[in-house]
């Protein structure tokens, strides 16, 4: 068994073990080195193993309590330096405060098995060491920075400079799903942009699609021609920006629930007729493509009633349904033949951004549900060899889908067209190479089943108590103490937890290589701009009447001009 040991010349003793803590996985130590005591900081004690090897048992500081200090009277007079009084009474220690620090044990790191908890607490009097930067770099990251399958997102927050880079495992990130959870203005879209950049770097070349309700990800176009994304073999990422006018979904990709969501409110009888028409049409078309006229015809076939004499006649609901279906036909986003298929949306080394900022929420729901459903079926059938290379839905490589404003697509206590298909992908997608990333500013409004299946979490500043409470059971035990830090995190600081890292960490997100498209508008500057002289002249010119051709001056009908 190979273990990571520290050279003796870089051991940094910061305290002495006092005894066990409140739980079986905790111990406390005593220290006067207040400059090194930070919540979330990594420390370790040394333990002799049965193989006569020294194990470094890593732990994370969870709480800190002041247990001894100078008398309060010394601090009462703000005009007198407490150290002066301490010297007069013979206090010889440079640091008068003593702290009792609680540590949650993580374990020793095994290169193949990860962290192993020895379940042997340190003996009282044992030394506690501060974990070295090089040591942490080797054991926190599942993948070394720049390796195939790595994503460098930033550096350890508690260390000065960028001495401990944080590099995530892309395989776990995209296959076991991930969630970015943050309050407004905390940097969630910025962090998502950093992750997308890493996925498109030459050592990953992922196939990615982004549902972008606010049009924030168009700036990813800056990856084109950027030297950081150019591979030695000439690789450059493709960025495909689809504006609302480019988005088309074929009618035959919709199911009964999709059509229901797009139509105005209907009576129970109309719903029953529509459902019957769907079954009738699909049975007659045998799964082939259909258009809105086929559905309208099936509606009239399904609304047949009998009069008092037993004769069949047309029911009264078909006309109302036909009128509502004619409204659907006027939509800009649903078409009889035009369609965005998997081959249009996915390709290794390509990120496709669906900008839906001009599309209504009901239509966004249906578009998202239809595309996710088709993508999932394409991956399942391709893996099961039901699709051949020439098929429209042939998708022979893993793909990753990012959903911005995920609480709209999978709300906690409301119906949603997307929720069922998202749940299916999260529970089964790992087997077929379909990963999902969810981004939301309201985790409390996100469906709990959906959130619980995201095995990697990026948690940023959240102050809402309901949202904080919803996170407690979605983060592994080693990271729950870090949740206390949520209100104190600043923009760009994130708690990363789950399968993409070896243990939860506090990370400062790196600077993006492309521009960020989600910056808050500077309202005061725009108000001031309104009163600039050239803006005022532009408004005056816009309101001025259009100069017409002057009529010629005449005398008795004869022009004298």
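In our numbering, the protein residues as written are 2 to 562. Glycine included, C-beta positions come from ideal geometry on N, C-alpha and C.
Per DSSP, residue i forms a beta bridge with which residues?
i: residue 61; result: 43 and 105
i: residue 241; result: 353
i: residue 529; result: According to DSSP, residue 529 bridges with nothing at all.
i: residue 272; result: In DSSP, residue 272 forms no bridge with anything.
i: residue 152; result: 169
i: residue 335; result: 250
i: residue 66; result: 101
i: residue 28; result: 21 and 104
i: residue 210; result: 353 and 402
i: residue 49; result: 55
i: residue 117; result: 109
i: residue 508; result: 157 and 495
i: residue 447; result: 412
i: residue 589; result: Because the chain here runs from 2 to 562, residue 589 falls outside it and cannot be looked at.
Just reading off the beta strand (DSSP E) that residue i is part of, what are its end residues?
i: residue 128; result: 128-131
i: residue 1; result: In the structure as shown, the chain begins at 2 and stops at 562. Residue 1 is therefore absent and cannot be evaluated.
i: residue 440; result: 435-441
i: residue 400; result: 400-404
i: residue 313; result: 313-315
i: residue 457; result: 457-460
Between the options, which lies nearest to residue i when the distance is taken from Cα to Cα?
i: residue 263; options: 357, 362 and 409; result: 362
i: residue 173; options: 314, 499, 538 and 326; result: 499
i: residue 229; options: 540, 546 and 514; result: 514
i: residue 167; options: 149, 472 and 143; result: 143
i: residue 469; options: 456, 458, 484 and 457; result: 484
i: residue 204; options: 546, 389, 145 and 249; result: 145
i: residue 97; options: 55, 33, 15 and 200; result: 33
i: residue 1; options: 311, 254 and 530; result: Outside the shown range of the chain, which is 2 to 562, sits residue 1, and nothing can be said about it.
i: residue 154; options: 447, 169 and 140; result: 169
i: residue 493; options: 190, 333, 398 and 442; result: 190
i: residue 128; options: 45, 140 and 104; result: 45
i: residue 260; options: 326, 231, 351 and 290; result: 326
i: residue 124; options: 29, 349 and 460; result: 29
i: residue 131; options: 35, 180, 175 and 221; result: 35
i: residue 103; options: 67, 537, 175 and 238; result: 67
i: residue 177; options: 434, 241 and 449; result: 434
i: residue 398; options: 139, 197, 529 and 207; result: 207
i: residue 321; options: 342, 290, 272 and 332; result: 272
i: residue 219; options: 427, 516, 527 and 23; result: 516
i: residue 238; options: 185, 349 and 216; result: 349
i: residue 258; options: 232, 374 and 295; result: 374
i: residue 180; options: 464, 528 and 460; result: 460
Between residue i and residue j, which are expected to be in contact by the criterion C-beta below 8 Å, what is the C-beta distance as a whole number of angstroms?
i: residue 347; j: residue 396; result: 6 Å
i: residue 193; j: residue 171; result: Not confirmed; about 14 Å, so no contact.
i: residue 304; j: residue 319; result: 4 Å
i: residue 430; j: residue 377; result: 7 Å
i: residue 360; j: residue 265; result: The pair is not a contact, with the Cβ atoms about 18 Å apart (cut-off 8 Å).
Ordered along the chain, which non-local residues of its own chain (more than five positions away) have a Cβ less than 7 Å from that of residue i?
i: residue 134; result: 160, 164 and 165
i: residue 213; result: 354, 355, 356, 357 and 405
i: residue 107; result: 59, 60, 61, 116, 479 and 504
i: residue 467; result: 445
i: residue 3; result: Note on residue 3: pLDDT 42, under 50, position unreliable in the model; the coordinate value appears next. The residues are 112.
i: residue 544; result: none
i: residue 448; result: 411, 412, 413 and 420
i: residue 43; result: 59, 61, 132 and 137
i: residue 546; result: none
Only counting the same chain, and skipping five residues up and downstream in sequence, which positions put a Cβ closer than 6 Å to that of residue i?
i: residue 299; result: 278, 281 and 282
i: residue 111; result: 117
i: residue 402; result: 210 and 437
i: residue 236; result: 203
i: residue 21; result: 28 and 122
If I follow the unbroken alpha helix (DSSP H) through residue i, where does it start and stop?
i: residue 343; result: 343-346
i: residue 257; result: 257-263
i: residue 185; result: First-last for residue 185: undefined, no H or E at that position.
i: residue 369; result: 362-384
i: residue 563; result: Look at the range of the chain in this structure, 2 to 562, and you will see that residue 563 is not part of it.
i: residue 410; result: 407-410
i: residue 302; result: 293-303
i: residue 216; result: Here residue 216 belongs to no alpha helix (DSSP H), and DSSP marks it neither H nor E.
i: residue 136; result: 134-141
i: residue 541; result: 534-544
i: residue 466; result: 466-472
Which same chain residues end up closer than 8 Å to residue i when comparing Cβ atoms and leaving out the 5 residues on each side of it in sequence?
i: residue 302; result: 278 and 281
i: residue 510; result: 154, 155, 188, 191, 192, 195, 493, 494 and 495
i: residue 584; result: Absent from the model: residue 584. The displayed extent of the chain is 2 to 562, so no value can be given.
i: residue 471; result: 444, 445, 447, 449 and 452
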